[in-house]
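**Student:** Mind having a look at this structure? Questions to follow.
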Amino acid sequence: MAKLLIKIKNYIFYSVIMLLVAACAQEAAPPEDTAVANVIIEIPAAELYQRIETDTAPLIIDVRSSDEFAAGHLPGALNVAHSEFIDTPTESVALLPTAKDAEIVVHCVSGKRAKIAMDVISSAGYTNVSHLIGDFNGWQAAGYPIEQDNLPN
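According to my numbering, the sequence shown is numbered sequentially starting from 1.
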């Protein structure tokens with residue numbers, strides 16, 4: 001009888017160990033919304049230009065410096081430097097529409113600063129954030145209109 005109890009205890013012990021090993025070996029699947037959040041949606045300059053011309057443009061955020069912005073920017077763009085998204089993200093996001101599904105297009109010169117700002121904006125819960133393909137340089141090279149602000153001397 002004692003041998004039978006030992007066999008049963010060993011069986012239960014090894015069964016529990018096998019279950020624990022199997023449970024720990026399984027890899028957790030990432031949440032579906034995480035995979036979607038990492039996808040960068042891009043909008044071509046031609047499409048954005050057409051939307052500006054037809055008054056259906058999204059909010060355009062230019063994350064270049066204020067000097068770069070003043071020298072030339074997309075029509076109707078709002079300038080919020082990428083450094084502001086890093087240094088004061090709460091204040092920067094407060095400049096955006098309250099509707100989290102508002103359409104927002106972000107750009108800089110080459111895309112690096114825009115990516116930083118897009119990460120902050122998306123982290124704040126905005127779900128419709130796009131990147132301008134080619135950024136400002138691509139817009140300018142395509143010959144689309146550029147507005148300039150007068151800088152004080």
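Note that CB positions come from ideal geometry on N, CA and C, so glycine has one too.
According to DSSP, Leu132 sits in a beta bridge with which residue or residues?
**Tutor:** As a first step, residue 132 is located in the sequence shown; it is residue number 132 there, counting from the start. BP columns for Leu132 point to Ile43.
**Student:** How is Asp67 classed by DSSP in three states: helix, strand or coil?
**Tutor:** Within the sequence shown, residue 67 is the residue found at index 67, counting from 1. The answer is helix: DSSP assigns Asp67 an H, G or I state.
**Student:** Suppose you measure from the CA of Val36 to the CA of Ala77; what does that come to, to the nearest Å?
**Tutor:** Mapped onto the sequence shown, residue 36 falls at position 36. Mapped onto the sequence shown, residue 77 falls at position 77. Residue confidence for Val36 is low, a pLDDT of 43 falling below 50, so the modelled location carries little weight and cannot support an answer.
**Student:** Hey, Asp87 and Thr127: beta-carbon distance below 9 angstroms or not?
**Tutor:** Reading the sequence shown from its first residue, position 87 is the one you call residue 87. Reading the sequence shown from its first residue, position 127 is the one you call residue 127. Taking 9 angstroms as the Cβ cut-off, Asp87 and Thr127 do not qualify as a contacting pair.
**Student:** Can you tell me whether Leu59 is helix, strand or coil according to DSSP?
**Tutor:** Taking the sequence shown and counting its residues from 1, the one referred to as residue 59 is at position 59. DSSP places Leu59 in strand when its eight states are reduced to three.
**Student:** Whole-angstrom Cβ separation of His82 and Ala117, contact assumed at under 8 angstroms?
**Tutor:** What you label residue 82 is simply residue 82 of the sequence shown in a count that begins at 1. What you label residue 117 is simply residue 117 of the sequence shown in a count that begins at 1. Yes, they are in contact, since the Cβ atoms of His82 and Ala117 sit about 5 angstroms apart, within 8 angstroms.
**Student:** At the level of alpha carbons, what is the spacing between Ala114 and Gly134?
**Tutor:** In the sequence shown, counting from the first residue as 1, residue 114 sits at position 114. In the sequence shown, counting from the first residue as 1, residue 134 sits at position 134. Taking the straight line from one Cα to the other gives about 11 angstroms.
**Student:** According to DSSP, what are the bridge partners of Leu78?
**Tutor:** Within the sequence shown, the letter at position 78 stands for residue 78. DSSP output for Leu78 lists Ile61 as bridge partner(s).
**Student:** Ala103 by DSSP, collapsed to three states: which one?
**Tutor:** The residue labelled residue 103 in the question sits at position 103 within the sequence shown. Residue identity check: residue 103 is Glu in the sequence provided, not Ala. In the structure shown, Glu103 sits in coil (DSSP, three-state: anything other than H, G, I, E or B).
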